[in-house]
Amino acid sequence: MDLARVILFSYTPNLERVCAAAMRSCYSPHPAYSLYSNTPDSGEILEGEKTYFDDERVRYFIRKAKEMGHLDILEHGSLTYDIQGVSRTLTHQLVRHRLASFSQQSQRYVKVTRSFGYVKPPKIGDAKVEVDVRGTKLNLSFEDVVDICRQVEEGYLKLGISAEDARFVRIGGAVTNIVITANPREYLHIFSLRCARDAQWEIQDVCYAMLSLAKLVAPTIFESLPESNGDAYIREKMEKIDRILEPIRIRFNEAKRGELIGVPLDTLPLHHPVEAYIRKIL
């Protein structure tokens, strides 16, 4: 069975500062860029502003926007994840979130011999089921079914049947890779739904990995999920994520541009192993 891996490899630099400047510009005579640039190195504090546009002000305006439901300001940034080793069942759920952009590995153009991994639900385990194949009784495991489907697909290809037709026998647990780009507002919505207790185990685990990485880039935006504030299950998981990230955040802040940093999630109760990585942009 393939190992799931989530890599946050592109995101808006100074994402929270961009969003906070957009928020403040709605209520200020100064344009967003003037606010964004108003640091101690830029000269005097802008007229009418209480202080420089420092990290504390950024956090204040992000929290104020979330409190007011002024979430459009969170659309001025993006995060791009490479999600590897997940099932087609997961991606069928993920692509329903249409305020995002997706690019998915093709089953037509990637040869079956290179791409026939699978994801197995943990609860299935070693269970076998009896099936009747035209009068012949067979006791099959999950792996048996996967192997049969692989052999049938390869057999169809040898008969000259097109790959786009032969793939019809592939299971919903067939492994795929997908890239997703969305803005923070949409991710808050996705995480609120897919991190909930009743979300299916695979997409739930992957979204907790995505959330963990997002918290390194935009800790104030993702410190809470507005649509799930009353969900104790999510709150407890997020508290554990925050503890995991304490030493990682220091390393991330000190990392060199282009460095890939792993975030260990083995202490976060997940249904299956998921590796998480973030690439330092600046």
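Residue 231 in this note's numbering is what sits at position 231 of the sequence shown, and the numbering runs on without skipping anything.
Backbone N, C-alpha and C define an ideal beta-carbon position, used for all residues, glycine too.
Going by the beta-carbon positions, is the gap between residue i and residue j smaller than 9 Å?
i    : j    : result
I83  : V18  : no
I7   : I278 : yes
L46  : H30  : yes
S10  : T80  : yes
P121 : G173 : yes
E275 : A232 : no
State the Cα-Cα distance for the pair residue i and residue j, rounded to the nearest angstrom.
i    : j    : result
I234 : A196 : 6 Å
E154 : S162 : 11 Å
S42  : R108 : 54 Å
R167 : W201 : 25 Å
K111 : A65  : 48 Å
T51  : E254 : 27 Å
D257 : L282 : In the sequence under discussion, the amino acid at residue 257 is Arg, which differs from the Asp named in the question. If you take the alpha carbons of R257 and L282, they lie about 5 Å apart.
D126 : R24  : 57 Å
G230 : E239 : 14 Å
T136 : D165 : 27 Å
L94  : C207 : 10 Å
D205 : E44  : 47 Å
I244 : L268 : 8 Å
M68  : H272 : 37 Å
K128 : L140 : 5 Å
T39  : F53  : 6 Å
A4   : E49  : 47 Å
R73  : S106 : The question names Arg, but residue 73 in the sequence shown is Ile. Taking the straight line from one Cα to the other gives about 35 Å.
K123 : K158 : 35 Å
Starting from the C-beta of residue i, find all residues in its chain whose C-beta is less than 8 Å away, skip the five residues before and the five after it, and write them out in chain order.
i    : result
T220 : E16, V58, R59, I62, R63
Go through its chain and collect everything with a Cβ distance to residue i's Cβ below 6 Å, but skip five positions before and after it.
i    : result
L99  : E186
A21  : A32, L35, Y36
H97  : I190
R150 : F116
D2   : G85, G117, V175
Cutting at 7 Å between CB atoms, please list the residues of its own chain near residue i, excluding the five before and the five after it.
i    : result
T91  : Q104, T176, I178
E143 : none
S192 : L225, E227, S228
G77  : T12, L15, V18, C19, N183, P184
V146 : Y118, I171
F222 : L211, A214, K215
R194 : I203, Q204, C207
Can you find a C-beta in chain C that's less than 9 Å from the C-beta of residue i?
i    : result
I124 : No chain C is part of this structure, which consists of one protein chain only.
Query raised in the report: Would you say the region 208-216 touches the region 261-269, given that touching needs at least three Cβ pairs under 8 Å?
Result: yes
Query raised in the report: What beta strand (DSSP E) runs, 3 residues minimum, are completely inside the region 4-66?
Result: 4-11
**Report entry** In chain order, each alpha helix (DSSP H) run of at least 4 residues that lies wholly inside the region 114-187
**Finding:** 142-158, 163-166
Query raised in the report: Taking only runs of the alpha helix (DSSP H) that begin and end inside the region 212-251, which ones reach a length of at least 4 residues, in chain order?
Result: none
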